[in-house]
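See structure below.
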Amino acid sequence: MINIEHLTKIYHLGDEDVHALDGVSLKISKGEMVAIMGPSGSGKSTLMAILGCLDVPTSGSYRLDDVNVENLNDNQLADIRSHKIGFVFQQFNLLARTSALDNVMLPLTYAGVRGRDRRQRAEDALEKVGLSDRMKHRPNELSGGQQQRVAIARALANTPAILLADEPTGALDSKTGAEIIGLFQKLHRDLGQTVIYVTHDPFIARHTERVIRLADGLIVGDEKIEHPIAAGTPRPSEMALAEDTHHS
Amino acid sequence: MNFSENFRIALRALAANKLRSALTMLGIIIGVGAVVALMAIGNGATASITEQVQGIGSNLISVFPGQFQRGPGNTAAGSAFLYYADYEALAKNLNNVAGIAPSFQSNATVTYGKKVVNVSVTATTPDYGPVRAYEAEYGRFLTENDRASKARVAVIGSQTAQDLFGGLNPIGREIKINSVNFEIVGVLKSKGSSGFGNADEIVLVPLETGYEKLFGALATNNGKRRVTDISLSAASPEVVNDVIVQTQRLLRREHHLKLTDDLDFSALSQTALLSSLTVITTTLTAFLGFIAAISLLVGGIGVMNIMLVSVTERTREIGLRKAVGAKRFTIMMQFLIETLTLTLLGGMVGIGLGWSVAALVRATNIVQAQVTGESVALAFFVTLLVGVFAGLYPAFRASQLRPIEALRYE
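Residue numbers (the working numbering), protein chains in the order written: chain U, 1 to 248; chain R, 1 to 410.
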């Protein structure tokens, strides 16, 4: 479903060219749950932005469901974002002074869904994330975890093929973070949702079935996880974790 | 994404910053209000002057000292006066004239009991009535007998009658004009105009009474009796220009002017007077409109500035909207509609404000301020233009933002 080949992304900072991605090739199939890991500056967020059609590569190809995304113009990319991709951000990015329901209806509005249908689909999405009783609340009346759930409902509203999340637990405490990861696992398990998220935390990464490691714009590891950690499992001590990372 | 959806988003965005939206709108409100009110005052001035000039009588020719276009008293010859002798020369020699009346006009204080009004007092002959289309509604007009006996009698305009006597019958009552007693013998029919230089706010007295008992030295120059105006009525509209030419020739001779000298008096028909006055008031209206338009432009720049700030401030919001599927055109429409809502709302309140100011001015009875459909349409159209102009650039900037960069904007 996702097939990228020799993807590069070069930023021009002054006279210097920064190779954020330096030839990345990767395939991700429908129904997978994948974590992309790496230290800051490794290019993982850049890769995520390109996967989410929020940015375009400098060279290389990106096929999403047999469509060559790198050839599309601004409006065509907006269509892909609208219909195929649900994006979750570290900072939630909810519209202030706007109810949870209205926030979730936003992508439906841009996709041309109207009236009762739109409301129904937004309510369904909020139900999936367990916020049926908070639909009229505004972001400032919700906890961080609840806000992130609204953001996930918003990403799910148009029933996207892929759910992408950039550091979805980065702004949350570990308990709330675990709940969000649990929600991803549930969506993956119950609905067969394709989920890809970026994290710098090896423990969070091992809640998926596959961990892809990036460093300096290159893929340096692609590991299958036989037994993903169940959400809510206590975090092992720092020592054990460091050892675990070292061995893989 | 349809219009009503965009409109709702715009309203919500404006409501989110109520004070800022209100202050921005204030610029437009004042601008539009000024355009509507000042144009109403200009139009009112034009209308009331037209009305008054037309009320004076057709075929009327006014002769007065000085050159009208240069302003009274501003002549090359130096003598900026007309004299009773000029009137006599014209009365004797002019052809095709239905009537001719000299008059000396000055403002005076008129009192009745405790009522005091400041009003234009004109000393004139009985011919003034037919020539200027004044008729007595009650009592009588001035007569030759009044002139001969230098009677202290006065005929007053309907508005002056109202101001001095209210509902009382003025006939036979004594008034004081500059402390001199006069008896009211007649009240004039209303000319139906109002405002500045009202033709119904007038007191008429016999010419000789005026010279000898009222104005004294004010009405003479080197021992000669002055007149401020000679009114002529031509026998028919066709001969109006001919009478003007005759008048100019006769007075040129009377004033000993050489052929190369400029005239030291003006002889104008109503049509000429009207068009001269209309040029003045139209220029005035245009000037006032121009000043007001500048304030509207300033208001528009304010709107544009706020919208640019708003685009910058809401960069992340724009990024988010794009990330969830909004297209360039949709973002552009959102900000354009937001600007238009701001300006058109301000425009409508401004039209209301301008209308209220015009009504207030009308209530003071100085100028008949008239809000015309054209000025409202013009104000609305200009507001629309300002809105589109002020909104287009910020909206375009917003639409061009790249989603990932907009989202990372701090």
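For glycine and all other residues, C-beta sits at the position ideal for the given N, C-alpha and C.
Within-9 angstroms CB hit, residue i to chain U
| i | result |
| --- | --- |
| R:Met320 | The question names Met, but residue 320 of chain R is Leu in the sequence shown. Chain U, which has a Cβ nearer than 9 angstroms to the Cβ of R:Leu320, makes this yes. |
| R:Arg20 | no |
| R:Gly195 | Because the pLDDT at R:Gly195 is just 48, under 50, the model does not fix this residue reliably, and the point stays unresolved. |
| R:Leu345 | no |
| R:Ile337 | no |
| R:Phe7 | no |
| R:Ala10 | no |
| R:Leu407 | yes |
| R:Val324 | yes |
| R:Pro394 | no |
| R:Glu313 | no |
| R:Arg316 | yes |
| R:Ile404 | yes |
| R:Thr341 | no |
| R:Thr330 | yes |
Closer than 9 angstroms to chain R by CB, residue i
| i | result |
| --- | --- |
| U:Ser42 | no |
| U:Asn249 | Because chain U is modelled from 1 through 248, residue 249 of chain U falls outside the range shown and cannot be assessed. |
| U:Leu106 | yes |
| U:Tyr62 | no |
| U:His19 | no |
| U:Asp117 | no |
| U:Asp82 | This sequence places Ser at residue 82 of chain U; Asp is not what is there. Output row for U:Ser82: interface = yes. |
| U:Thr98 | yes |
| U:Arg154 | yes |
| U:Gly170 | no |
| U:Asp124 | no |
| U:Asn93 | yes |
| U:Gly144 | no |
| U:Asp79 | yes |
| U:Leu72 | no |
| U:Leu7 | no |
| U:Gly52 | yes |
| U:Asp55 | yes |
| U:Ala140 | Rather than Ala, the amino acid found at residue 140 of chain U in this sequence is Asn. Taking Cβ atoms only, chain R never reaches closer than 9 angstroms to U:Asn140, which makes this a no. |
| U:Thr159 | no |
| U:Leu13 | no |
| U:Thr109 | yes |
Residue environment, residue i, which counts as buried when at least 16 other CB atoms sit within 10 Å
| i | result |
| --- | --- |
| U:Gly252 | The requested residue 252 of chain U is not part of the displayed model; chain U covers only 1 to 248. |
| U:Thr208 | buried |
| U:Asn93 | buried |
| R:Phe3 | exposed |
| U:Ile85 | buried |
| R:Ala154 | buried |
| R:Ser276 | exposed |
| R:Lys411 | Residue 411 of chain R is absent from the model: chain R starts at 1 and stops at 410. |
| U:Lys253 | Any question about residue 253 of chain U goes unanswered here, given that chain U covers just 1 to 248. |
| R:Ala76 | In this prediction, R:Ala76 scores a pLDDT of 44, lower than 50, which makes its location untrustworthy; the coordinate-derived value is nonetheless stated afterwards. Classification for R:Ala76: exposed. |
| R:Ile175 | buried |
| U:Ser25 | exposed |
| U:Tyr62 | buried |
| R:Gly78 | With a pLDDT of 47 at R:Gly78, under the threshold of 50, the predicted position of this residue should be treated as unreliable, and no value is reported. |
| U:Asn75 | exposed |
| R:Ala45 | buried |
Partner residues on chain C for residue i, Cβ-Cβ distance less than 7 angstroms
| i | result |
| --- | --- |
| R:Ala16 | Among the protein chains of the structure shown, namely U and R, there is no chain C. |
task = Starting from the N-terminal side, write out each stretch of the alpha helix (DSSP H) that is 4 residues or longer and does not extend beyond the segment 54–115 of chain U.
result = Counting whole runs of 4 or more residues, the segment 54–115 of chain U contains the alpha helix (DSSP H) stretches 74–83 and 100–110.
key: Ranges of the beta strand (DSSP E) found wholly within the segment 105–184 of chain U, counting only runs of at least 3   = Here the runs fully enclosed are 162–166.
ask   = What residue ranges within the segment 202–253 of chain R form continuous beta strand (DSSP E) runs of no fewer than 3 residues, ordered along the chain?
value = Here the runs fully enclosed are 202–206, 224–227 and 229–234.
inquiry  = Measuring CB atoms only, is the segment 192–202 of chain U touching the segment 152–168 of chain U, in the sense that at least three cross pairs come out at less than 8 angstroms?
reply    = Yes: at least three Cβ pairs fall under 8 angstroms.
message = For the segment 15–34 of chain R against the segment 261–269 of chain R, do three or more pairs of beta-carbon atoms, one drawn from each stretch, fall closer than 8 angstroms, so that the two count as touching?
response = Contact fails: fewer than three Cβ-Cβ distances are below 8 angstroms.
request  = May I ask you to verify whether the segment 136–156 of chain R touches the segment 236–246 of chain R, counting CB pairs closer than 8 angstroms and requiring at least 3?
outcome  = Output reads no: the segment 236–246 of chain R does not touch the segment 136–156 of chain R.
ask   = Is the number of C-beta pairs between the segment 95–114 of chain U and the segment 355–362 of chain R that are closer than 8 angstroms three or more?
value = With the cut-off at 8 angstroms, the segment 95–114 of chain U and the segment 355–362 of chain R do not touch.
message = Does the segment 94–114 of chain R come into contact with the segment 229–243 of chain R, if we say contact requires no fewer than three beta-carbon pairs (one atom in each stretch) closer than 8 angstroms?
response = In short, these stretches touch, since the Cβ pair count reaches three.
task = Identify every run of the alpha helix (DSSP H) within the segment 263–327 of chain R, keeping only runs that are complete inside it and at least 4 residues long; order them along the chain.
result = Restricted to the segment 263–327 of chain R, the alpha helix (DSSP H) segments that are unbroken, complete and at least 4 residues in length are 270–313 and 315–323, listed in chain order.
inquiry  = Can you pull out the residues from the segment 181–202 of chain U whose beta carbon lies closer than 9 angstroms to at least one beta carbon of chain R?
reply    = Contact annotation: in the segment 181–202 of chain U, no residue has its CB less than 9 angstroms from a CB in chain R.
ask   = Between the segment 122–133 of chain U and the segment 145–161 of chain U, do at least 3 Cβ pairs fall closer than 8 angstroms?
value = Because the criterion of three Cβ pairs below 8 angstroms is met, the segment 122–133 of chain U and the segment 145–161 of chain U touch.
request  = Report yes or no: do three or more beta-carbon pairs, one from the segment 308–325 of chain R and one from the segment 363–380 of chain R, lie closer than 8 angstroms?
outcome  = By the Cβ criterion, the segment 308–325 of chain R is not in contact with the segment 363–380 of chain R, since fewer than three pairs of Cβ atoms, one from each stretch, lie closer than 8 angstroms.
task = Taking 8 angstroms as the threshold, find out whether the segment 33–42 of chain R comes into contact with the segment 348–357 of chain R through three or more Cβ pairs.
result = They touch, by the three-pair rule.
ask   = Would you call the segment 12–25 of chain U and the segment 223–230 of chain U in contact, with 3 or more CB pairs under 8 angstroms?
value = Output reads no: the segment 223–230 of chain U does not touch the segment 12–25 of chain U.
task = Starting from the N-terminal side, write out each stretch of the beta strand (DSSP E) that is 3 residues or longer and does not extend beyond the segment 100–153 of chain R.
result = The segment 100–153 of chain R contains, as complete beta strand (DSSP E) runs of 3+ residues, the segments 115–124 and 136–139 (chain order).
At least 3 beta-carbon pairs within less than 8 angstroms: the segment 322–339 of chain R vs the segment 160–172 of chain R = Contact between the segment 322–339 of chain R and the segment 160–172 of chain R is absent, because fewer than three Cβ pairs lie under 8 angstroms.
key: Contact the segment 199–212 of chain R vs the segment 112–130 of chain R: 3+ CB pairs below 8 angstroms   = The segment 199–212 of chain R is in contact with the segment 112–130 of chain R.
ask   = Is the number of C-beta pairs between the segment 52–72 of chain U and the segment 130–147 of chain U that are closer than 8 angstroms three or more?
value = Not touching, per the Cβ criterion.
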